[in-house]
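Just below is one structure, and these are the notes that go with it.
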Amino acid sequence: MVAESKRNIPLKSILEIRDYIDLCLKEDIHIVCVNRETKRVRHMPFSAMYGNDNNFWRIDSKWDYFIAGMDLRRLNDKASKKSLRGVGSLEEEARMIEELRAAALNPIPPADDPAYGELGYGNEYQRILSMSEEERVAEVQRSTQKLETLMTLKTKTRSMVTEALVETVRSVVMHNHASQVSFSEDSAEESKKKTQCLVDSTRELVAASVHLISADIFNNELMRLLVSKSNGTIIQHMTRVYLNGLAFLAFYNKQVSSTHAINKIRVAFDEKYSQFYRSLLPHVHPDHITLERVFIGGMRAVSEAHLCVWATGFLVHDIGKATAVEYHEGEAAYNREVVMDHVKTGFENIINRTNYPQEAAMIAGYHHEYYGNPGGYGVFRAHASEHKKGNPNTRQNNCISYDLAPVLECRALAYFPAKILEIIDVFDSITDPNRKYRKNLSTNEALAMMREDFVEKQQKIDAVLFDMFCDFATSAPSEWQQGIQKPITSSCVLRPAQ
Numbered sequence: 000m001v002a003e004s005k006r007n008i009p010l011k012s013i014l015e016i017r018d019y020i021d022l023c024l025k026e027d028i029h030i031v032c033v034n035r036e037t038k039r040v041r042h043m044p045f046s047a048m049y050g051n052d053n054n055f056w057r058i059d060s061k062w063d064y065f066i067a068g069m070d071l072r073r074l075n076d077k078a079s080k081k082s083l084r085g086v087g088s089l090e091e092e093a094r095m096i097e098e099l100r101a102a103a104l105n106p107i108p109p110a111d112d113p114a115y116g117e118l119g120y121g122n123e124y125q126r127i128l129s130m131s132e133e134e135r136v137a138e139v140q141r142s143t144q145k146l147e148t149l150m151t152l153k154t155k156t157r158s159m160v161t162e163a164l165v166e167t168v169r170s171v172v173m174h175n176h177a178s179q180v181s182f183s184e185d186s187a188e189e190s191k192k193k194t195q196c197l198v199d200s201t202r203e204l205v206a207a208s209v210h211l212i213s214a215d216i217f218n219n220e221l222m223r224l225l226v227s228k229s230n231g232t233i234i235q236h237m238t239r240v241y242l243n244g245l246a247f248l249a250f251y252n253k254q255v256s257s258t259h260a261i262n263k264i265r266v267a268f269d270e271k272y273s274q275f276y277r278s279l280l281p282h283v284h285p286d287h288i289t290l291e292r293v294f295i296g297g298m299r300a301v302s303e304a305h306l307c308v309w310a311t312g313f314l315v316h317d318i319g320k321a322t323a324v325e326y327h328e329g330e331a332a333y334n335r336e337v338v339m340d341h342v343k344t345g346f347e348n349i350i351n352r353t354n355y356p357q358e359a360a361m362i363a364g365y366h367h368e369y370y371g372n373p374g375g376y377g378v379f380r381a382h383a384s385e386h387k388k389g390n391p392n393t394r395q396n397n398c399i400s401y402d403l404a405p406v407l408e409c410r411a412l413a414y415f416p417a418k419i420l421e422i423i424d425v426f427d428s429i430t431d432p433n434r435k436y437r438k439n440l441s442t443n444e445a446l447a448m449m450r451e452d453f454v455e456k457q458q459k460i461d462a463v464l465f466d467m468f469c470d471f472a473t474s475a476p477s478e479w480q481q482g483i484q485k486p487i488t489s490s491c492v493l494r495p496a497q
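Read in numbering that gives the first Met the number 0, the sequence shown has 59 at position 60, and its numbers run on one by one without any break.
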């Protein structure tokens, strides 16, 4: 860091790597403001800029903000005395600062940018498609190292975590799809061999991301803004679904483990939910329709091991999606056969041409089943039909299983992670700002439409899980509720004088 003390350093690089805001305020630090257009330089008190907008350095404008090297050295000295360093080593710190500095040079494009909403997998995908498998693996491994380094930091901001998660997830999705395309002409066994290293690296990245994701990312405006940097609408969708799916599971685990949510559901079950499940299990006596019958063994928290396996399924759930296929658009653009094919293709690619766990393939293949409703589709229908031919006495006496065996043996109607993914997938498709043939819905509009069309009129998504999702989707992040951190938007921002 000696070299850093001799020059100005981007303010974002420092504040994203270290929690120096309090020190900047207490030490009366002045920042260097440089106008990109005129190159004029102004010095402004950090306290004045921060007091007007506590995210001013993140907002894309014609101003760049820096901290003088000597001032940074002073902050470092103060921080070291208070044990605020919060990093594993100087090397890791320097590497992270350089990455954040590079990110600062690529501002988030506005919504009307021509690159925003690029169809399919976007322009960046072409670069990844041209890479060798070894290069793809190396890039995924670097992404994993970034997440693992972030995990070791004692002090990290939500924006640091969010940006790292979005960037790495978006990248690994494209690498996996590109790998499948590259080896599509090879035999199944050859494809498994050639993609093995990528599969291993992806699972390591997934495990790291599971440790970093919290429920608050769902309502994180920065996450949505960062996802929009990807110029491929399919990649945007898959990134949001992965992160929001795990965020919902984090919320679900917290509810099941630390509150009386299950008891509340059980108390309200007869009046609120029993009719919904009676229609799904008409052969079961109404008195036997209980929460424990719906969820085999009752609702329970999800272990970390299951989370990592299911997260892999969330990540690759749309790997069979062709680059030209969009989501739930108007009737003129909607081709049901093409859309249905992505589930079958994705399932077959994962189960036959990779060494991802069977659970991941099942999540991809079952995430549009909708409890057997005619409006749904997927590979489970054909599997169930074949299974029942050889086992005519098999009865599906339960709705949801946390384990795969009861689903494959046709003793349960659905697989828990696939039912989670159904809800997330539908919600994202109808709130997606890139919808071109129909207006995207707000959160409340989407929840109302889903309740009417997917729960009340037709039994497609799960009623209990959907109610939990409604609580999740309408809860504000705790930081915002307490006024600690505002969303990264502001209509009034203090700027240096021209």
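Don't be surprised by glycine CBs; every beta carbon is placed ideally from N, CA and C.
Helix, strand or coil at residue i [DSSP, three-state]
{"i": "residue 397", "result": "strand"}
{"i": "residue 185", "result": "coil"}
{"i": "residue 499", "result": "Beyond the ends of the chain as shown, which are 0 and 497, falls residue 499; an answer cannot be given."}
{"i": "residue 519", "result": "Outside the shown range of the chain, which is 0 to 497, sits residue 519, and nothing can be said about it."}
{"i": "residue 272", "result": "helix"}
{"i": "residue 106", "result": "With a pLDDT of only 41 at residue 106, under the threshold of 50, the placement of this residue in the model should not be trusted; the figure read from the coordinates follows. The answer is coil: DSSP assigns residue 106 none of H, G, I, E or B."}
{"i": "residue 429", "result": "helix"}
{"i": "residue 9", "result": "strand"}
{"i": "residue 412", "result": "strand"}
{"i": "residue 382", "result": "helix"}
{"i": "residue 341", "result": "helix"}
{"i": "residue 285", "result": "helix"}
{"i": "residue 352", "result": "helix"}
{"i": "residue 223", "result": "helix"}
{"i": "residue 332", "result": "Annotation note: pLDDT 48 at residue 332 (below 50); position unreliable, coordinate value reported separately. In the structure shown, residue 332 sits in coil (DSSP, three-state: anything other than H, G, I, E or B)."}
{"i": "residue 236", "result": "helix"}
{"i": "residue 127", "result": "helix"}
{"i": "residue 194", "result": "helix"}
{"i": "residue 258", "result": "coil"}
Buried versus exposed call for residue i [16 or more other C-beta atoms within 10 Å across all chains shown]
{"i": "residue 210", "result": "exposed"}
{"i": "residue 364", "result": "buried"}
{"i": "residue 11", "result": "buried"}
{"i": "residue 389", "result": "exposed"}
{"i": "residue 47", "result": "exposed"}
{"i": "residue 69", "result": "exposed"}
{"i": "residue 303", "result": "exposed"}
{"i": "residue 443", "result": "exposed"}
{"i": "residue 86", "result": "Low confidence applies to residue 86: its pLDDT is 38, below 50, so where it sits in the model is not reliable enough to give any reading."}
{"i": "residue 377", "result": "buried"}
{"i": "residue 266", "result": "exposed"}
{"i": "residue 9", "result": "buried"}
{"i": "residue 135", "result": "buried"}
{"i": "residue 368", "result": "buried"}
{"i": "residue 381", "result": "exposed"}
{"i": "residue 111", "result": "Unreliable positioning characterises residue 111 in this predicted model, as indicated by a pLDDT of 40, which lies under 50. The coordinate reading is nonetheless provided below. It is exposed - the Cβ of residue 111 has fewer than 16 other Cβ atoms within 10 Å."}
{"i": "residue 19", "result": "buried"}
Nearest-angstrom Cβ-Cβ length linking residue i and residue j, presumed shorter than 8 Å
{"i": "residue 244", "j": "residue 423", "result": "5 Å"}
{"i": "residue 375", "j": "residue 459", "result": "6 Å"}
{"i": "residue 290", "j": "residue 297", "result": "6 Å"}
{"i": "residue 28", "j": "residue 55", "result": "Not quite, the Cβ-Cβ distance comes to about 14 Å (not below 8 Å), so this is no contact."}
{"i": "residue 139", "j": "residue 194", "result": "With 8 Å as the limit, residue 139 and residue 194 do not qualify as a contact, their Cβ atoms being about 12 Å apart."}
{"i": "residue 420", "j": "residue 362", "result": "6 Å"}
{"i": "residue 179", "j": "residue 348", "result": "5 Å"}
{"i": "residue 146", "j": "residue 208", "result": "6 Å"}
{"i": "residue 279", "j": "residue 412", "result": "6 Å"}
{"i": "residue 299", "j": "residue 414", "result": "Actually they are not in contact, since the Cβ atoms of residue 299 and residue 414 sit about 15 Å apart, beyond 8 Å."}
{"i": "residue 294", "j": "residue 471", "result": "Contact doesn't hold; Cβ gap of about 18 Å is too wide."}
{"i": "residue 356", "j": "residue 308", "result": "5 Å"}
Pick from the options that is closest to residue i, judged by C-alpha positions
{"i": "residue 78", "options": "141, 14, 64 and 138", "result": "14"}
{"i": "residue 22", "options": "275, 62, 66 and 58", "result": "66"}
{"i": "residue 144", "options": "203, 122, 262 and 241", "result": "203"}
{"i": "residue 429", "options": "449, 246 and 417", "result": "449"}
{"i": "residue 292", "options": "371, 398 and 253", "result": "398"}
{"i": "residue 418", "options": "371, 441 and 395", "result": "371"}
{"i": "residue 7", "options": "433, 24 and 33", "result": "33"}
{"i": "residue 403", "options": "345, 358 and 447", "result": "358"}
{"i": "residue 177", "options": "206, 122, 257 and 275", "result": "122"}
{"i": "residue 546", "options": "276, 355 and 225", "result": "Any answer about residue 546 is impossible in this case: the structure gives the chain only from 0 up to 497."}
{"i": "residue 131", "options": "168, 181, 157 and 166", "result": "181"}
{"i": "residue 236", "options": "427, 175 and 463", "result": "427"}
Beta-bridge partners of residue i, as assigned by DSSP
{"i": "residue 62", "result": "34"}
{"i": "residue 453", "result": "In the DSSP output, where bridge partners are listed per residue, residue 453 has none listed."}
{"i": "residue 29", "result": "44"}
{"i": "residue 294", "result": "399"}
Cβ of residue i within 7 Å of any chain C Cβ
{"i": "residue 210", "result": "Of the protein chains in the structure, only one exists, and it is not chain C."}
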